[in-house]
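K.L.:
If you scroll down you'll find the structure; I have some questions about it.
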Amino acid sequence: MNVLFIDRVHPILEERLLSLNHRCDHNYECSYEELKTLLRDQEGLVLRSRLKIDSDILQAAPKLKFIARSGAGLENIDLKACEKLGIEVFNSPEGNQDAVGEHALGMLLMLLNHLYRCNQEVRQGIWRREENRGKELNAMCVGLIGFGHMGQRFAQKLRGMGCKIIAYDKYATHPAGFDDVAPVSLEELQARADVISFHTPQTPETRHYFDAQFIENCKNDIYLINTARGNAVCTESLLAGLKSKKVLGACLDVLEFETSSFERIEASEFPEAFKELCSYEQVLLSPHVAGWTQESLVKLSQFLADKIEARFKA
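Residues 1 to 314 (our numbering) make up the sequence shown, in order.
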């Protein structure tokens, strides 16, 4: 098969495809319109998130048999059109689930123990111990919204911390091997959780899932973690929660102000809500890198290669 790479991924994927006698082409700069022409004779497409693959693109690719997305989320691919056209879609959430779980845990521990502030103060010769007294995670209940690959792996990372773990997933059945994670309704999660972590895909249903009503429905004052998709959290509602102290802090690897390719935020167009968010020291931010480790770079390609090989091995 002819396979086109429009984003850079770890070379192990290409090496595996070549070993199966597939041809690999590359164009990392093509535009949306150029891609239509490039796909006329391609049977496979490898990408991350640079371009949206909609029905118009797919209609221009009569030979396309599969799309391989290096990563978990598939919101930039028209899955219904792919199904109608018989195009298989592969992703690789197995490749970065460990990275996401570790990043979420790291951000939470950093927030609970004021580590960012402590680091800055000590560097300036400021030695405040009582003001930087932390909170122990083992005294808390962590609620996971979404219990797929990412939610399950975060739960595994939390096991050694001694905290209670509960999970709500509207669509997935509770997997085997997680007897220590209680499946609950959304209402029970909101009644019990001290920490709420999002592990949901980007869909119309999950847009602004965390909003003013969600916060109001929480019995406890909460810490928020979002390593999923930025628009799951309404920033204006989060700000209101921070002001009222109903939200005690937030760990955000993703923001609703990101571009659809997740590559950047337009600094010249920062909304006031983002500027205000940055003024809170109890808000930790990272640039959509929870799943972005040296190891996940390799594993994302390895899992894609395994899936393509299993389906299309000559």
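Cβ coordinates follow ideal geometry from the N, Cα and C atoms, glycine included.
Alpha carbon to alpha carbon, what distance is there between G95 and S296?
P.N.:
Near 5 Å, if we compare the C-alpha coordinates of G95 and S296.
K.L.:
Considering only the alpha carbon of each residue, which of K299, Q42, G291 and E216 lies closest to E102?
P.N.:
Selected option, being the one with the closest Cα: G291.
K.L.:
Buried or exposed: F66, going by 16 or more other Cβ atoms within 10 Å of its Cβ?
P.N.:
Per the 10 Å Cβ criterion, buried.
K.L.:
In or out: D253 buried (at least 16 other Cβ within 10 Å) or exposed?
P.N.:
So D253 counts as buried.
K.L.:
Rounding to the nearest angstrom, what Cα-Cα distance links N2 and Q42 in this structure?
P.N.:
Going from the Cα of N2 to the Cα of Q42 covers about 5 Å.
K.L.:
Give every residue of the same chain whose Cβ lies closer than 8 Å to the Cβ of C234, excluding the five residues on either side of it in the sequence, and list them in chain order.
P.N.:
Correct list, in chain order: H208, F210, D211, A212 and E256.
K.L.:
Taking the alpha-carbon positions, what's the A193 to M161 distance?
P.N.:
Whole-angstrom Cα-Cα distance: 15 Å.
K.L.:
Please check the pair G71 and L300, which I expect to be a contact at CB under 8 Å, by giving their CB distance rounded to whole angstroms.
P.N.:
Right, their Cβ atoms sit about 6 Å apart.
K.L.:
DSSP on G230, reduced to helix/strand/coil?
P.N.:
It is helical.
K.L.:
The alpha helix (DSSP H) that contains V122, what's its start and end?
P.N.:
Where V122 is concerned, the enclosing alpha helix (DSSP H) stretches over L115 to R123.
K.L.:
Residue range of the beta strand (DSSP E) that A250 falls in?
P.N.:
A250 -> beta strand (DSSP E) spans V247 to L252.
K.L.:
Sort I126, E121, R159 and F147 by Cα distance to L137 and report the nearest one.
P.N.:
For L137, the nearest C-alpha among the options comes from R159.
K.L.:
Between I77, E276 and F90, which lies nearest to T203 when the distance is taken from Cα to Cα?
P.N.:
Considering only alpha carbons, the answer is I77.
K.L.:
So F154 and A81 are supposed to be a Cβ contact under 8 Å. How far apart are they, rounded?
P.N.:
Wrong, their Cβ atoms sit about 32 Å apart, outside the cutoff.
K.L.:
Can you find the residues in the same chain that come closer than 7 Å, C-beta to C-beta, to M140, ignoring five residues on each side of it along the sequence?
P.N.:
Result list for M140: C163, D194 and V195, in chain order.
K.L.:
Three-state secondary structure (DSSP) at V100?
P.N.:
Helix.
K.L.:
If we ignore side chains and look at the alpha-carbon of each, how far apart do S31 and D169 end up?
P.N.:
Their backbone Cα atoms lie some 37 Å apart in a straight line.
K.L.:
Counting along the chain, where does the beta strand (DSSP E) carrying E88 start and finish?
P.N.:
Residues E88 to N91.
K.L.:
If you drop the 5 nearest sequence neighbours on each side, which residues of the same chain put their C-beta closer than 6 Å to that of N220?
P.N.:
Around N220: D194.
K.L.:
Leaving aside the five residues before and after M107 along the sequence, list all residues of the same chain whose C-beta is less than 6 Å from its C-beta, in chain order.
P.N.:
Excluding positions up to five away in sequence, the list reads C251 and L284.
K.L.:
Can you give me the start and stop residues for the alpha helix (DSSP H) that V289 sits inside?
P.N.:
Taken as a continuous stretch (DSSP letters only), V289 belongs to no alpha helix (DSSP H), as it is neither H nor E.
K.L.:
Give the C-beta separation of L224 and V247 to the nearest angstrom, bearing in mind that I take them to be a contact with Cβ-Cβ under 8 Å.
P.N.:
About 6 Å separates the two Cβ atoms, so the contact holds.
K.L.:
In three-state DSSP terms, what is F66?
P.N.:
Strand.
K.L.:
For the beta strand (DSSP E) that A327 lies in, which residues bound it at each end?
P.N.:
Limits of the chain in this structure are 1 at one end and 314 at the other, which puts residue 327 out of reach.
K.L.:
Need the endpoints of the beta strand (DSSP E) that C82 sits in, please.
P.N.:
It is not in any beta strand (DSSP E) - C82 instead sits in the alpha helix (DSSP H) that spans L79 to L85.
K.L.:
Kindly indicate the opening and closing residues of the alpha helix (DSSP H) around H149.
P.N.:
Here the alpha helix (DSSP H) through H149 covers H149 to L158.
K.L.:
Cα separation between Y332 and M110?
P.N.:
Absent from the model: residue 332. The displayed extent of the chain is 1 to 314, so no value can be given.
K.L.:
Is it right to say T227 is buried, meaning 16 or more other beta carbons lie within 10 angstroms of its own, or is it exposed?
P.N.:
Per the 10 Å Cβ criterion, buried.
K.L.:
Going by DSSP in three states, Y32 sits in which element: helix, strand or coil?
P.N.:
Three-state result, Y32: helix.
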